[in-house]
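Reviewing the structure listed below.
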Amino acid sequence: MKRVAEGDQSAFTLLYETTSKTVFGLIYKVIQDRETAEEVLLDVYTQAWRQAKNYDSQRGTPLAWLMTIGRSRAIDRLRSGKHEKANKDPLETAGQLSAPTSSPEEVSTASETQRFVRAALDTLTPEQREVIELAYFLGLSHTEIALKLSQPLGTVKTRIRLGMVKLRELLSPVLSS
1 MKRVAEGDQS AFTLLYETTS KTVFGLIYKV IQDRETAEEV LLDVYTQAWR
51 QAKNYDSQRG TPLAWLMTIG RSRAIDRLRS GKHEKANKDP LETAGQLSAP
101 TSSPEEVSTA SETQRFVRAA LDTLTPEQRE VIELAYFLGL SHTEIALKLS
151 QPLGTVKTRI RLGMVKLREL LSPVLSS
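For the sequence shown, position 5 (counting from the first letter as 1) is numbered 5 according to my numbering, and the numbering increases by one without interruption.
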């Protein structure tokens, strides 16, 4: 990331090649439209190129940083009304979507990561998993989730917080690599 921040195009190319399939999978999961997801992916990497100097390794891996940007951009696109398709696929399919032509090594790494994430998600209570899906894959606010589920706002916030703490603990080996 330091080299990208310094304007090194080969470092940026390497960053893109090693992360874009995973970032695209998340964006596609949120948007559910390949063409729009590709546009958002381009926006994500344009922003990453411009803001690479803002990356802080203390706050997470480059992939985590890009996934955060991607998720935010995808949700912004949905909320802007430029895309109208509702997301109804189960959470398990999120990691199965990617851009075409992966190398066997990339497929193996992605498959292992997906297995690890699915196993971590399976440890959550159904209530925690439901609110996390609504928040992170549909982009609903805590208040919107509380209204949708007819539950107190405090309950929704607590379930999200406890679920995320548990996921962070379980996924720390993956997030730190």
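All C-beta atoms, glycine included, are put in the ideal place defined by N, C-alpha and C.
- Between E127 and the set S150, Q114, G139, T113, the nearest pair of CA atoms involves S150.
- Going by beta carbons, V117 and L66 fall outside the 8 angstroms limit.
- Within the region 5-56, the complete alpha helix (DSSP H) runs of at least 4 residues fall at 9-31, 34-51.
- Assignment of L138 by DSSP, reduced to helix, strand and coil, places it in the coil class.
- Using a Cβ distance threshold of 8 angstroms, I27 and G60 do not count as a contacting pair.
- Within the same chain, I27, V30, I31, V40 come within 6 angstroms of A74 by CB-CB distance, once the 5 residues on both sides are set aside.
- Following the DSSP letters along the chain, one finds R77 inside the alpha helix (DSSP H) bounded by residues 62-79.
- Assigned with DSSP and collapsed to three states, M164 falls in helix.
- Within the same chain, Cβ atoms closer than 7 angstroms to the Cβ of L78 are found at V30, I31, G139, the five residues on either side in sequence being excluded.
- Contact annotation: T19 and L63 have beta-carbon atoms nearer than 8 angstroms.
- Cβ contact annotation for Y16 (same chain, cutoff 7 angstroms, sequence separation greater than five): Y45, in chain order.
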